[in-house]
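Structure first, commentary second.
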Amino acid sequence: MERTEALLIDNLREGDESALAPLVEKYKRMVHRLALQITKNHEDANDVMQETFIKVYQSIHTFRQEAAFETWIYRIAVNEALNFVKRRERRRESPLSTTEESEYDPIVMQRAEMANDPQINAEKTELRHWVTKAVNSLSLKHRVVVVLHELEGLTHAEIASILNCSEGTVRSRLHYARKQLRLLLKPYVDATTNCE
Amino acid sequence: MKLKCNTIQRLISDHIDNTLSTNDAAKVKKHLSLCQSCQKEATALRKTRDLVVGFYVAPEVSDSYYHQFEVELHRCIENKGPIPINEHIKSLVSQFTWSFVTQVRQSFGRYNFWHRHLLPISVLLLMIAAGFVIHLLNQPDSLSLREYPRQIGKPMIAQGLTTVDEHSGLIHGMHNDYIMKRKAPDQVTSSADSADGEKVGYWKLADPISTETEGHIIVMHVSEDRSVPSDATDSKLIVYVQPDILSKKSPLQNNGYAAFPSGIPVELFLAKYQRKHRQAPRFVNKLMYEHSKIPYIPELYDLSKL
Numbered sequence: 000m001e002r003t004e005a006l007l008i009d010n011l012r013e014g015d016e017s018a019l020a021p022l023v024e025k026y027k028r029m030v031h032r033l034a035l036q037i038t039k040n041h042e043d044a045n046d047v048m049q050e051t052f053i054k055v056y057q058s059i060h061t062f063r064q065e066a067a068f069e070t071w072i073y074r075i076a077v078n079e080a081l082n083f084v085k086r087r088e089r090r091r092e093s094p095l096s097t098t099e100e101s102e103y104d105p106i107v108m109q110r111a112e113m114a115n116d117p118q119i120n121a122e123k124t125e126l127r128h129w130v131t132k133a134v135n136s137l138s139l140k141h142r143v144v145v146v147l148h149e150l151e152g153l154t155h156a157e158i159a160s161i162l163n164c165s166e167g168t169v170r171s172r173l174h175y176a177r178k179q180l181r182l183l184l185k186p187y188v189d190a191t192t193n194c195e
Numbered sequence: 000m001k002l003k004c005n006t007i008q009r010l011i012s013d014h015i016d017n018t019l020s021t022n023d024a025a026k027v028k029k030h031l032s033l034c035q036s037c038q039k040e041a042t043a044l045r046k047t048r049d050l051v052v053g054f055y056v057a058p059e060v061s062d063s064y065y066h067q068f069e070v071e072l073h074r075c076i077e078n079k080g081p082i083p084i085n086e087h088i089k090s091l092v093s094q095f096t097w098s099f100v101t102q103v104r105q106s107f108g109r110y111n112f113w114h115r116h117l118l119p120i121s122v123l124l125l126m127i128a129a130g131f132v133i134h135l136l137n138q139p140d141s142l143s144l145r146e147y148p149r150q151i152g153k154p155m156i157a158q159g160l161t162t163v164d165e166h167s168g169l170i171h172g173m174h175n176d177y178i179m180k181r182k183a184p185d186q187v188t189s190s191a192d193s194a195d196g197e198k199v200g201y202w203k204l205a206d207p208i209s210t211e212t213e214g215h216i217i218v219m220h221v222s223e224d225r226s227v228p229s230d231a232t233d234s235k236l237i238v239y240v241q242p243d244i245l246s247k248k249s250p251l252q253n254n255g256y257a258a259f260p261s262g263i264p265v266e267l268f269l270a271k272y273q274r275k276h277r278q279a280p281r282f283v284n285k286l287m288y289e290h291s292k293i294p295y296i297p298e299l300y301d302l303s304k305l
């Protein structure tokens with residue numbers, strides 16, 4: 000019989016390690032997507048995903064049932080990802096650092112997509128490329144808010160809780176990020192606006 | 000118009016998300032119907048949002064990647080295991096501290112006055128509080144977890160239950176030791192009251208001593224004639240229980256006898272005890288000790304055989 004999420008959490012709290020697998024199964028894509036969007040790096044995203052689930056397993060007794068489990072995982076994943084990015088930035092600043100990092104490049108995915116489906120509209124592909132590039136070019140704090148709000152569909156309150164800041168800060172960052180994106184995507188925004 | 004446009008533009012993002020209050024939404028809507036510039040801005044931001052939502056390529060990887068990840072995760076968790084409780088407490092304390100410091104910093108950022116005056120005051124108060132906590136933890140009689148291991152083996156006495164008569168040099172106290180005092184009187188029996196005639200010369204607890212007594216030595220009394228415990232002043236043996244002994248399996252404990260002497264230099268606790276309880280003469284004189292005769296209890300006695 001399939002266990003409900005609440006039961007899985009209770010079992011995990013009681014030390015039943017097998018309860019972790021269904022939770023990982025349910026949230027792994029979300030965590031990976033989030034980690035990759037924030038870190039823009041496959042290796043870091045993998046590490047973030049691993050650290051997130053280890054933290055879920057080790058800190059499950061600190062999870063309060065009144066909060067949504069999904070929001071709790073989001074919080075862990077976002078914080079882990081932000082820590083990874085900050086650590087990476089410090090590494091880059093270090094004069095001894097010689098590591099080359101493979102940054103997540105959406106264009107690779109576009110090409111793969113085009114190869115799979117030759118009928119795909121080239122214009123659409125280009126638009127996807129620029130939109131993804133524009134989001135990835137935002138500063139970290141603005142990118143996180145855009146990812147959580149526009150792509151993950153979280154509310155201002157949920158984002159504020161995840162980032163441990165006020166709702167006003169979230170709104171302000173989102174507004175600023177949209178204005179930045181508007182500038183970056185100006186030709187496409189103007190084109191679609193003029194069409195109406 | 001200019002100022003109002005600025006005000007309205009700050010609300011445009013919320014307006015396109017439909018997260019404004021009814022009142023604000025009405026104001027924005029009214030303004031947009033009149034101001035072409037703001038209307039253009041709102042349309043552009045809405046289009047931008049739609050572009051991001053509709054055309055952002057969410058990264059995705061293959062199932063084999065996730066499978067490999069799950070294997071690694073499982074192995075990693077097996078190696079690490081759950082967080083030990085002390086680590087957990089440490090992390091909670093550090094989280095709380097950082098959150099407090101962050102909030103204080105944010106408050107100071109907002110108000111110049113706080114920045115100038117409250118930060119040093121808060122730091123001073125924190126230092127005083129920390130000093131007070133450290134002082135409490137270093138108290139010799141503190142039975143906190145931190146101090147407890149160092150006190151095992153030192154003689155201690157259940158506070159407030161016994162006293163010393165300075166004139167006679169006798170220890171006075173109650174038969175009702177720490178445990179007994181916490182139980183109803185009908186749960187405590189003595190051999191004098193008990194129908195069990197085989198066990199004489201000591202007091203017996205209805206239930207075995209539990210580790211609730213940690214941190215206390217149970218002071219008991221055995222009368223000199225070793226047949227019947229009494230209030231008479233001829234009793235000469237002090238019997239007490241040490242916390243670390245309680246944790247061991249003992250036949251006496253299993254049988255429910257509180258009396259349990261151990262090799263503790265009696266002088267030490269007498270000196271300390273006299274200092275602490277000189278002004279507490281209200282206890283019933285049932286327990287006594289002549290420390291000149293028995294300065295040291297060298298071994299465990301099975302009181303049922305005394």
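Chains A and B are the protein sequences, given in the same order.
Letter by letter, the first sequence follows residues 0 to 195 in numbering that gives the first Met the number 0.
Letter by letter, the second sequence follows residues 0 to 305 in numbering that gives the first Met the number 0.
In this text, a Cβ means the ideal position worked out from N, Cα and C, and glycines have one as well.
Please read all numbers here as calculations on a predicted model, not as lab measurements.
Taking residue i and residue j to be in contact with their CB atoms under 8 Å, please state how far apart those CB atoms are, rounded to whole angstroms.
i	j	result
Met197/A	Lys27/A	In the structure as shown, chain A starts at 0 and stops at 195, and residue 197/A therefore has no counterpart that could be examined.
Val23/A	Leu72/B	7 Å
Val143/A	Leu162/A	7 Å
Glu69/A	Val51/B	About 22 Å; that fails the 8 Å criterion.
Arg177/A	Thr47/B	5 Å
Glu122/A	Glu79/A	37 Å between Cβ atoms; not a contact.
Gln179/A	Leu137/A	6 Å
Arg44/B	Ser12/B	Here residue 44/B turns out to be Leu, not Arg, going by the sequence shown. The pair is a contact, with the Cβ atoms about 6 Å apart (cut-off 8 Å).
Ile76/B	Tyr56/A	6 Å
Asn45/A	Phe131/B	No, Asn45/A and Phe131/B are not in contact; Cβ-Cβ is about 47 Å, not under 8 Å.
Arg9/B	His174/A	7 Å
Please return the same chain residues whose Cβ sits closer than 7 Å to the Cβ of residue i, not counting the five positions on each side in sequence.
i	result
Leu31/B	Cys37, Gln38, Ala41
Lys140/A	Arg172
Ser167/B	Unreliable placement is indicated for Ser167/B, whose pLDDT of 42 sits below 50; the coordinate value is still reported in the next sentence. For Ser167/B, where only same-chain residues beyond five positions count, there are no Cβ hits under 7 Å.
Leaving out the 5 sequence neighbours to the left and right, which residues in its chain are closer than 8 Å to residue i when beta-carbon positions are compared?
i	result
Arg170/A	His155
Arg87/A	Thr38, Asn40, Asp43, Glu100
Ile7/B	Lys26, Val27, His30, Leu31, Cys34, Cys37
Val77/A	Leu33, Ile37, Val143, Leu147, Ile161, Leu162
Val30/A	Val47, Met48, Thr51, Phe52, Ile72, Ala76
Glu4/A	Leu22, Lys25, Phe68
Asn17/B	Ala24
Leu81/A	Ile37, Leu139, Val143
Please list, in chain order, all residues of the same chain as residue i whose beta carbon is under 6 Å from its beta carbon, the five residues on each side excluded.
i	result
Phe52/A	Val23
Gly152/B	Unreliable positioning characterises Gly152/B in this predicted model, as indicated by a pLDDT of 35, which lies under 50. The coordinate reading is nonetheless provided below. Excluding residues within five positions, none has a Cβ falling inside 6 Å.
Asn254/B	The predicted model places Asn254/B with a pLDDT of 36, which falls under 50 and marks its position as unreliable, so this point remains unresolved.
Phe83/A	Thr38, Asp43, Val47
Asn10/A	Ala18
Checklist entry - Okay, do the region 154 to 172 of chain A and the region 20 to 39 of chain B touch, 3+ Cβ pairs below 8 Å being the bar? => result Fewer than three Cβ pairs drawn from the region 154 to 172 of chain A and the region 20 to 39 of chain B lie within less than 8 Å of each other, which leaves the two stretches out of contact.
Checklist entry - Within the chosen definition, does the region 53 to 66 of chain B reach the region 4 to 20 of chain A through at least 3 CB pairs nearer than 8 Å? => result The region 53 to 66 of chain B makes no contact with the region 4 to 20 of chain A, as fewer than three CB pairs between them are under 8 Å.
Checklist entry - Given a limit of 7 Å on CB to CB distance, which residues of the region 169 to 180 of chain A reach chain B? => result Listed in chain order, the positions of the region 169 to 180 of chain A with a beta carbon within less than 7 Å of a beta carbon of chain B are Arg170, Leu173, His174, Arg177, Leu180.
Checklist entry - Relative to chain B, which residues along the region 52 to 84 of chain A have a C-beta separation below 8 Å, given in chain order? => result Within the region 52 to 84 of chain A, the residues whose Cβ lies closer than 8 Å to some Cβ of chain B are Phe52, Ile53, Tyr56, Gln57, Ser58, His60, Thr61, listed in chain order.
Next on the checklist: Can you pull out the residues from the region 22 to 47 of chain B whose beta carbon lies closer than 7 Å to at least one beta carbon of chain A?
Outcome noted: Against chain A - using a Cβ distance shorter than 7 Å - the residues of the region 22 to 47 of chain B are Thr42, Ala43, Leu44, Lys46, Thr47.
Next on the checklist: Against chain A, which members of the region 50 to 61 of chain B pass a CB distance test of less than 9 Å?
Outcome noted: Answer set for the region 50 to 61 of chain B: Leu50, Val51, Val52, Gly53, Phe54, Tyr55, Val56, Ala57, Pro58, Glu59, Val60.
Item to check | Residues, ordered as in the chain, of the region 119 to 140 of chain A that lie near chain B by beta-carbon distance below 7 Å | outcome: Taken in chain order, the members of the region 119 to 140 of chain A whose beta-carbon sits within less than 7 Å of a beta-carbon on chain B are Leu126, Arg127, Val130, Thr131, Val134.
Checklist entry - Which of the residues in the region 64 to 76 of chain B, read from start to end, lie with their CB under 7 Å from any CB of chain A? => result Cβ contacts with chain A: Tyr65, Phe68, Glu69, Glu71, Leu72, Cys75, Ile76.
Checklist entry - For the region 8 to 26 of chain A, which residues have a CB atom closer than 9 Å to at least one CB atom of chain B, in sequence order? => result Across the region 8 to 26 of chain A, CB contacts with chain B closer than 9 Å involve Gly14, Glu16, Leu19, Ala20, Val23, Glu24, in sequence order along the chain.
Item to check | Residues within the region 146 to 158 of chain A neighbouring chain B, beta-carbon criterion of under 7 Å | outcome: For the region 146 to 158 of chain A, the set of positions with a beta-carbon nearer than 7 Å to some beta-carbon of chain B reads Glu149, Leu150, His155 in chain order.
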